[in-house]
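The structure under discussion appears below in the form of structure tokens.
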Amino acid sequence: MKAVILKEIKHILRDPLSLTVILAMPVVYLFLFLYSITFDIRGVSLGVADYQMSSASRKFIETLTAQGYFDLKGYYPDERSLLRDVSSGKVKLGLVIPRDFDENLSRGRLSYAGWFEGVEGNSTNIARGYLFSASAGYVLRQAVSSGQHVPANIKPRYLYNPQLRSSWFLAPGFSAIILTLIATVLTALSLVREREEGKIEVLRTMPVNPYGFVVAKTIPYVVIGLLDFFITIGLVALLYRVPVKGGIASLTGFTLLFLVPSLGLGLVISSLAKSQREAWLLALATTLLPSIILSGFVFPVESMPFWLRALAEAMPARHYLVILRGVMIKGTSARELWPQALVLALYGIALVAIAGRRMRGWLRGE
Amino acid sequence: MFPLVAENLTKRFGRFTAVDGVSFRVSEGEIYALLGPNGAGKSTTIRLLTGVLKPNSGRAIVAGVDVAQEPYKARERMGYMSQLFSLYGDLSVEENLRFFSGVYGSDRAATEEAIKRMGLGPYLKTLVKDLPLGFKQRLALAAATTHNPKVLFLDEPTAGVDPEARGEFWDLVYSLKEKGTSVLITTHYMEEAHLADRIGMISAGRLVAEGKPSELMRAYRGAGFWKMRAEPINKALSFLNGMGVPAYASGSWVFLEGKDPQAILSALSEKGINVAEFSERTPSLEDVFVGLTR
């Protein structure tokens with residue numbers, strides 16, 4: 279057992295390039311992901327064709343740009359020239375303020391026409407959200423200042439992510455993805471390599487318990503997986519001020535629980551793949567894509583159609599992500615997360631059992 | 133007590149019988165060579181003896197331990213080396229030895245001794261992938277013997293190695309034999325088979341002949357092996373082969389095989405081929421082997 283672990287560590291250290299990639303990849307990807315996938319859009323370019331030209335209309339535009347969500351590119355003499363720039367993409371949002379803007383406003387109605395370029399659905403949606411909430415705010419303020427009766431003023435407060443920062447909910451997901459990928463790919467590769475070069479033939483004639491051998495081989499990768507996990511979580515906590523409210527100990531415990539099915543999957547893959555290339559492809563197909571698309575990392579599982587949702591609920595990464603977000607952002611106690619923990623544990627047991635069955639064959643040569 | 137015993141070993145894969153009732157015994161310090169063409173069942177026999185495969189019937193006993201019953205106990209007493217060498221190319225000579233001796237639980241002194249015996253001292257820090265083939269082979273042998281096994285299995289260990297390195301390798305095998313290790317070796321090379329104490333010939337899964345090399349050759353004396361000088365030699369050879377008589381040139385001699393020498397001689401003289409010094413010869417191992425497996 280000790281000899282096998284030491285040998286595996288030497289294999290890893292002997293290949294400094296791979297080692298660097300394993301340790302640096304999470305850091306590099308973390309920055310790429312978090313800077314590129316942010317939903318907090320700022321500075322949407324705005325063009326205005328104002329047919330009213332009143333102080334009220336100017337004030338309305340100022341409200342839009344004041345919070346930095348919209349960036350005023352300029353005023354246009356008429357709707358036609360404005361639309362030309364919206365079509366060409368020079369401005370993403372074109373606002374047309376009609377001649378009767380003031381008149382409508384005095385009756386408590388805000389009137390304008392908004393033209394979005396609308397190529398990127400996601401960012402358009404977000405910009406539309408900003409526009410609507412800014413409009414509503416403006417109307418309310420107008421009503422209050424003119425002494426009108428205001429029926430209700432809804433001000434949402436966000437319990438756990440007060441500023442609704444997307445990095446807070448993306449970062450834990452990112453750690454989950456890196457962890458799955460590293461644990462699954464590395465275990466699969468190291469065992470396939472052992473078999474590809476005919477080493478298994480000799481190991482079979484040696485006094486090694488095949489299961490002990492496999493366990494010993496995976497231990498260094500558990501350590502690497504945890505190391506990567508702490509690097510990413512550490513960076514996320516430091517740079518993005520994502521809290522770890524539930525405590526490091528409970529986070530580590532759940533992470534170990536999540537590593538079991540990931541390693542088990544790696545073992546199953548290594549028993550299926552005939553070459554290192556096949557192992558790579560299988561590992562990527564079964565970990566990276568599902569954990570990005572179906573874990574709720576970016577796309578909310580709640581808005582998926584039923585069948586896809588069922589599939590998503592079947593992904594271990596999905597449950598781990600619920601745990602991570604719970605522990606980090608909400609400070610959910612370990613006791614409350616037992617359903618997710620149970621799912622992970624069941625996955626772990628099932629995958630390790632399948633791997634054990636499949637491996638018995640090739641470890642014993644039958 | 134024999135350190136290695138095969139008792140009526142039989143292994144079937146579906147309807148195909150790969151090993152069919154093979155029995156033999158190897159004494160302490162004896163080198164036993166299994167000879168046979170590819171697919172005859174040599175490798176399967178070794179896999180049954182090392183416990184990698186379970187026999188359908190029969191037993192394999194290594195150093196008094198039934199291999200199928202207690203594989204781990206038996207494996208502590210055996211060493212195995214194959215033509216693939218099974219070393220880790222990205223690790224150094226020393227690191228490879230550490231791994232193998234660690235798994236076998238060998239002590240440090242035995243490992244040091246293996247390094248010395250195999251002459252690996254100067255290469256300890258070298259990565260295995262940079263090692264010449266002859267040294268890889270020595271390292272593989274060292275890796276299989278740090279635990280002083282009672283029985284050593286060598287599965288085509290010299291395949292692809294030049295004759296000089298092969299000679300050196302056999303010197304090492306002899307040094308293990310002198311220590312009392314029993315060796316089971318499979319090989320393609322006839323001249324290697326001569327170096328073994330005893331030979332077992334395997335054909336279609338059966339052990340068809342067994343004995344010392346000299347005994348085997350003597351036993352087939354008088355079974356129709358001849359030599360002669362012939363003029364012109366090329367014409368003689370092509371004529372004989374055309375008749376279905378096994379014949380080949382060896383130096384200035386023609387070696388041939390046949391039950392009826394008179395008929396062959398008269399046929400040759402009809403063709404105008406001059407024959408001189410026609411006489412019986414002692415068959416080579418190759419002759420015995422080819423004769424048995426034909």
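Chains as they are written, first to last, in this note's numbering: chain A, 279 to 644; chain B, 133 to 426.
We put the CB at the ideal spot given by N, CA and C, even for glycine.
What is the C-beta distance between residue i and residue j, in whole angstroms, given that I count them as a contact (C-beta under 8 Å)?
i	j	result
Ser445/A	Val522/A	Contact flag wrong, Cβ pair sits at about 14 Å.
Met448/A	Leu566/A	In the sequence under discussion, the amino acid at residue 448/A is Leu, which differs from the Met named in the question. The pair is not a contact, with the Cβ atoms about 16 Å apart (cut-off 8 Å).
Ser384/B	Leu136/B	Rounded, the Cβ-Cβ distance is 44 Å, inconsistent with contact.
Val463/A	Ala595/A	14 Å between Cβ atoms; not a contact.
Ser453/A	Ile511/A	6 Å
Pro450/A	Leu615/A	About 13 Å separates the two Cβ atoms, so there is no contact after all.
Arg191/B	Asp198/B	6 Å
Val283/B	Leu229/B	The Cβ separation is near 20 Å, so there is no contact.
Ala138/B	Leu181/B	6 Å
Glu324/B	Ile331/B	Contact flag wrong, Cβ pair sits at about 10 Å.
Using beta carbons (cut-off 9 Å, strictly below), is residue i in contact with chain E?
i	result
Arg482/A	Among the chains of the structure shown, chain E does not appear; the protein chains present are A and B.
Does the beta carbon of residue i sit closer than 9 Å to a beta carbon anywhere in chain B?
i	result
Ala557/A	no
Val486/A	yes
Glu644/A	Residue confidence is low: Glu644/A scores 45 on pLDDT, short of 50, so the model does not pin down where it sits. No coordinate-derived value is stated.
Arg613/A	no
Lys477/A	yes
Val492/A	no
Lys495/A	no
Arg292/A	yes
Val299/A	no
Lys370/A	no
His597/A	no
Leu284/A	yes
Ala628/A	no
Ala552/A	According to the sequence displayed, residue 552/A carries Lys and not Ala. It does not: the Cβ of Lys552/A has no partner Cβ on chain B nearer than 9 Å.
Glu281/A	Checking the displayed sequence, the identity of residue 281/A turns out to be Ala instead of Glu. At least one chain B Cβ lies under 9 Å of Ala281/A.
Lys288/A	yes
If you reduce the DSSP assignment to three classes, tell me which class residue i lands in.
i	result
Thr290/B	coil
Gly346/A	coil
Tyr380/B	strand
Leu263/B	coil
Ile460/A	helix
Gly337/B	coil
Lys282/B	coil
Tyr236/B	helix
Gly321/A	coil
Ala466/A	helix
Glu644/A	Reliability fails at Glu644/A, whose pLDDT of 45 lies under 50, so the model's placement of it is uncertain and the value that follows must be treated cautiously. Glu644/A falls in the coil class under three-state DSSP.
Met582/A	coil
Asp328/A	strand
Leu284/A	helix
Gly352/A	strand
Tyr352/B	coil
Tyr220/B	coil
Asp419/B	helix
Phe357/B	strand
If you measure from the beta carbon of residue i to each beta carbon in chain A, is any gap under 9 Å?
i	result
Thr258/B	no
Lys205/B	yes
Met133/B	no
Thr182/B	yes
Ser189/B	no
Tyr380/B	no
Met250/B	no
Tyr255/B	no
Val158/B	no
Mind the definition here: the stretch 350-364 of chain B touches the stretch 162-178 of chain B only if three or more C-beta pairs lie below 8 Å; say whether that holds.
-> Segments in contact, no.
Within the stretch 495-539 of chain A, note down every full beta strand (DSSP E) run reaching 3 residues or more, in order along the chain.
-> Within the stretch 495-539 of chain A, no beta strand (DSSP E) run of at least 3 residues lies entirely inside it.
Tell me the start and end of each unbroken beta strand (DSSP E) in the stretch 356-443 of chain A that is at least 3 residues and wholly inside, in chain order.
-> 371-375, 391-394, all fully within the stretch 356-443 of chain A.
Report yes or no: do the stretch 492-509 of chain A and the stretch 291-304 of chain A share at least 3 C-beta pairs separated by less than 8 Å?
-> Judged by pairs of C-beta atoms under 8 Å, the stretch 492-509 of chain A touches the stretch 291-304 of chain A, as three or more such pairs exist.
With a cut-off of 8 Å, do at least 3 Cβ pairs link the stretch 623-638 of chain A to the stretch 533-543 of chain A?
-> Flag = yes, the stretch 623-638 of chain A and the stretch 533-543 of chain A touch.
Which full runs of the beta strand (DSSP E) of 3+ residues lie inside the stretch 134-199 of chain B, going along the chain?
-> Segments of the beta strand (DSSP E) lying fully in the stretch 134-199 of chain B: 136-145, 148-158, 163-167, 189-194.
Contact the stretch 164-172 of chain B vs the stretch 470-488 of chain A: 3+ CB pairs below 8 Å = The count of Cβ pairs closer than 8 Å, one atom from the stretch 164-172 of chain B and one from the stretch 470-488 of chain A, stays below three, leaving the stretches out of contact.
Is the stretch 478-497 of chain A in contact with the stretch 558-578 of chain A, if contact means three or more CB pairs nearer than 8 Å?
-> Verdict: no, contact absent.
Could you tell me whether the stretch 545-557 of chain A touches the stretch 572-588 of chain A, where touching means 3 or more Cβ pairs closer than 8 Å?
-> Contact annotation: the stretch 545-557 of chain A does not touch the stretch 572-588 of chain A, with fewer than three C-beta pairs closer than 8 Å.
Entirely enclosed alpha helix (DSSP H) segments - the stretch 295-331 of chain B, minimum 4 residues | Unbroken alpha helix (DSSP H) stretches of 4 residues or longer found wholly inside the stretch 295-331 of chain B: 295-310, 322-325, given in chain order.
Any chance the stretch 370-378 of chain A sits against the stretch 330-348 of chain A, with 3 or more Cβ pairs inside 8 Å?
-> Three or more Cβ pairs closer than 8 Å define a contact, and the stretch 370-378 of chain A meets that threshold against the stretch 330-348 of chain A.
Stretch pair the stretch 269-283 of chain B + the stretch 222-242 of chain B: three plus CB contacts closer than 8 Å = In short, these stretches touch, since the Cβ pair count reaches three.
Would you say the stretch 335-353 of chain B touches the stretch 401-410 of chain B, given that touching needs at least three Cβ pairs under 8 Å?
-> No, they do not touch.
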